[in-house]
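Trainee: Pasting a structure below so you can have a look.
Residue numbers (mature numbering (1 follows the signal peptide of the UniProt record, and there is no 0)): -22 to -1, 1 to 513.
The following block contains the structure:
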């Protein structure tokens, strides 16, 4: 192991308090490849996952805390680490959690000067689309667009991941529809902002054999390019220790993505299980990734990860002022150097022929829930949700709203009454592609809509707004003029984007695969409440 102080910089210029802006040329896409915008040469990612406190699946390494470390706001650590990233031949880092309220100028300028681009996840451990209880709501939309706004100014930002391993197995395929809706809406937001350079939105998928093919097709399919991902990230750990292109599974994966219509790259790689431990990684796969065996299909990859943590994937140990290279660091540096940089093709001469795949049909074997055709979940509308909530005459008590389990229990209660009719405007049927007009509001707002609708359905009968003391009536004044149009557009039993449709005949079927109320109903189910999640 080699220990150096950060003050012993590889490049003296990187030690300056202020770094000159080099303004890296933005990256663009055409067909299945990335290109430098200024000269049209093909761009390959030579990346490192750069974030402390985040597990492989994107969750917090410390589940007891709601905080996270934003690596782009820590200028001192950023400058400390840049020489080591350069030593590894890094031209891209992936960051998993960015605080949009913090300043990123100093780190982003330093990365730019060092020739390093950034791909950022839009979520953070406590605010992202959840596998078991997926939502795409106003809170998440606000979070995602705030991250975009905070980073879009930097020319060395390539784009964003709208989700990371959200569909980790067949139990969670319904969540794919919500992530694809997030892709659609963040792409639309980027287009509306007229930023100075191209920014893409993609998804990072895990290597689950039962879902990976359907997911790759689903996120790239459809007639509307505005709903398709701009790039595809693959978190893949198949090549472990000493192996070969064929034996590792890389040959099969490469064949599967040969005709993918957008750039695909390894969003994470670097197996540490056989032999076990980060120090025993050989990085043979790095040479293959940039060789002619793979570089016509894959646009490089991102090694997981820079920082050594409990999960034992790290390349270095750090203190506030020092960096210690671990045993696998020189192996990766050597592998990157030996692999070289592929020549690729050019933007001008490249004529893509790959077309979007067919959308996967709903299936029971393997389980695949999302509808193969639109509509997706609706675009979150903060004004509509706030205005609708302000008009309610029956609302949950503050004590209920302060307790996630209580919220879940009340959801289960009210949505279990009268065949769930009170929840008609908040339901989300991913399999049918049917979504209530208020299904993209927050969980708290949706609970309010449900108890109020039940109260109205009971013709405001005495006791209909009580639920054992969990709801109360209130006097509502005149609707503000700014809300009149919003409320009018959002009513009508589920009209609007991806709107609901009336069921024909009979009652609704109780299922457990889709009401988008986040973790609340999950919490309720955990204590034995009813499980009315989709009808």
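All C-beta atoms, glycine included, are put in the ideal place defined by N, C-alpha and C. Remember, predicted model here, so these are calculated numbers, not experimental data.
By the three-class DSSP mapping on this structure, what secondary structure does residue 102 have?
Mentor: strand
Trainee: Can you give the Cα-Cα distance for residue 432 and residue 46, rounded to whole angstroms?
Mentor: 40 Å
Trainee: Please report the residue range of the beta strand (DSSP E) in which residue 246 lies.
Mentor: 242 to 247
Trainee: Please determine, among 346, 74 and 156, the residue with the shortest C-alpha to C-alpha distance to residue 114.
Mentor: 156
Trainee: Which runs of the beta strand (DSSP E) spanning at least 3 residues fall entirely within the stretch 294 to 327, listed in chain order?
Mentor: 294 to 296 and 300 to 303
Trainee: Please list, in chain order, all residues of the same chain as residue 372 whose beta carbon is under 7 Å from its beta carbon, the five residues on each side excluded.
Mentor: Excluding sequence neighbours, residue 372 sits near 429, 430, 433, 443, 449 and 451.
Trainee: Are there 16 or more other CB atoms within 10 angstroms of the CB of residue 248, so buried, or fewer, so exposed?
Mentor: By the Cβ-count criterion, residue 248 is buried, with 16 or more other Cβ atoms from all chains shown falling within 10 Å of its own Cβ.
Trainee: Would you say the stretch 52 to 71 touches the stretch 350 to 370, given that touching needs at least three Cβ pairs under 8 Å?
Mentor: no
Trainee: The alpha helix (DSSP H) with residue 145 in it runs from where to where?
Mentor: Here residue 145 belongs to no alpha helix (DSSP H), and DSSP marks it neither H nor E.
Trainee: Going straight from the alpha carbon of residue 381 to that of residue 116, what length do you get?
Mentor: 20 Å
Trainee: Consult DSSP for residue 27 and reduce its assignment to one of helix, strand or coil.
Mentor: strand
Trainee: Taking the CB atoms as reference points, tell me whether residue 30 and residue 287 lie closer together than 8 Å.
Mentor: yes
Trainee: Excluding the 5 residues preceding and the 5 following residue 344 in the sequence, name in chain order all residues of the same chain whose CB lies nearer than 6 Å to its CB.
Mentor: 148 and 188
Trainee: Let me know the secondary structure DSSP gives residue 236 once reduced to three states.
Mentor: For residue 236, the secondary structure class from DSSP, reduced to helix, strand or coil, is coil.
Trainee: Bridge partners for residue 341 per DSSP, in chain order?
Mentor: According to DSSP, residue 341 bridges with 346.
Trainee: Less than 8 Å separating the beta-carbons of residue 191 and residue 143?
Mentor: no
Trainee: For residue 166, I'd like the list of residues in its chain whose CB is within less than 7 Å of its CB, leaving aside the five on either flank, ordered along the chain.
Mentor: 204
Trainee: From residue 226 to residue 285, what does the alpha carbon distance come to, in whole angstroms?
Mentor: Taking the straight line joining both Cα atoms gives about 26 Å.
Trainee: Please determine if the stretch 359 to 379 and the stretch 121 to 141 are in contact, where contact requires at least 3 C-beta pairs separated by less than 8 Å.
Mentor: no
Trainee: If you draw a straight line from the alpha carbon of residue 87 to that of residue 106, how long is it in whole angstroms?
Mentor: 28 Å
Trainee: Please tell me whether residue 385 and residue 416 are closer than 8 Å, where the distance is taken between their beta carbons.
Mentor: no
Trainee: Beta strand (DSSP E) containing residue 374: first to last residue?
Mentor: 372 to 374
Trainee: What is the DSSP secondary structure of residue 11, counted as helix, strand or coil?
Mentor: When secondary structure is reduced to three states using DSSP, residue 11 falls in the strand class.
Trainee: Looking only at its chain, what residues have a beta carbon closer than 8 Å to the beta carbon of residue 133, apart from the 5 residues adjacent to it on each side?
Mentor: So the list reads 1, 2, 3, 4, 90, 174 and 175, once near-sequence residues are dropped.
Trainee: Starting from residue 21, follow its DSSP beta bridges and name the residues at the other end.
Mentor: 12
Trainee: Taking residue 182 as part of the beta strand (DSSP E), name the residues at either end of that continuous run.
Mentor: Taken as a continuous stretch (DSSP letters only), the beta strand (DSSP E) holding residue 182 covers 178 to 184.
Trainee: What distance in whole Å lies between the Cβ atoms of residue 262 and residue 517, which are believed to be in contact at a cut-off of 8 Å?
Mentor: With the chain represented from -22 up to 513, any question about residue 517 goes unanswered, as that position is not in the structure.
Trainee: Name the one or two DSSP bridge partners that residue 251 has.
Mentor: 254
Trainee: Check whether the stretch 325 to 335 touches the stretch 273 to 284, counting contact only when three or more Cβ pairs, one atom from each stretch, lie closer than 8 Å.
Mentor: no
Trainee: Secondary structure at residue 389, three-state DSSP: helix, strand or coil?
Mentor: helix
Trainee: State the DSSP-derived secondary structure class of residue 407, mapped to helix, strand or coil.
Mentor: strand
Trainee: Could you check what DSSP says for residue 139 in three-state terms: helix, strand or coil?
Mentor: In the three-state scheme derived from DSSP, where H, G and I count as helix and E and B as strand, residue 139 is classed as strand.
Trainee: Go ahead and label residue 158 buried or exposed: buried means 16 or more other beta carbons lie within 10 angstroms of its beta carbon, across all protein chains shown.
Mentor: buried
Trainee: On a Cα-Cα basis, can you pick out the residue from 71, 338, 84 and 150 that is closest to residue 54?
Mentor: 84
Trainee: Among 125, 201, 186 and 232, which residue has its Cα nearest to the Cα of residue 179?
Mentor: Ranking the options by Cα distance to residue 179, first place goes to 125.
Trainee: Contact defined as beta carbons within less than 8 Å: I believe residue 463 pairs with residue 246. What is the distance between those atoms, to the nearest angstrom?
Mentor: That pair is no contact at about 45 Å.
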